[in-house]
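Report on one structure; see the data block that follows.
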Amino acid sequence: MEKNLTATFHNVDNLEQAAEQLRKQGIIDMKFPNLSAALIDYQSDMMIQSIESSALAPSYELEVCVQQSRYREAEDTILKFGGDLHELRSF
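Under this note's numbering, read the sequence shown as residues 158 to 248, first letter to last.
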């Protein structure tokens, strides 16, 4: 049986590290719903953050589909790299 996880990261580097580790763990599928737009606006978002406030920090979403037996391992990996887990959504 498959299970889905959705997480957000406030740092692209942490997202990339988590994604790489999850790939090594043998996930079924991975999506980055807003990453292409986020990467384009990354520098401008960071400038806004430093000028206005840290509350405007960009966030980068990650959706992962894993075997149920690997669900806890995937959760731990996301948390290890600073991701925030969210309510599950279907792919």
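Beta carbons: idealized from backbone N, C-alpha and C, even for Gly. Remember, predicted model here, so these are calculated numbers, not experimental data.
Secondary structure of residue i, DSSP reduced to three states
i      : result
Gln182 : coil
Asn171 : helix
Cβ pair residue i, residue j closer than 9 angstroms
i      : j      : result
Glu159 : Cys222 : yes
His243 : Ala175 : no
Leu172 : Tyr228 : no
Glu220 : Met187 : yes
Extent of the continuous beta strand (DSSP E) run through residue i
i      : result
Phe166 : 159-166
Gln225 : Here Gln225 belongs to no beta strand (DSSP E), and DSSP marks it neither H nor E.
For residue j and residue i, believed in contact at Cβ under 8 angstroms, the rounded distance
i      : j      : result
Gly240 : Phe166 : 5 angstroms
Gln224 : Ile185 : 7 angstroms
Spatially closest choice to residue i from the options, by CA coordinates
i      : options                        : result
Gln182 : Phe238, Leu236, Lys237, Glu230 : Glu230
Residue-level contact to chain C via CB, residue i, 9 angstroms cutoff
i      : result
Cys222 : The structure shown contains no chain C, having only a single protein chain.
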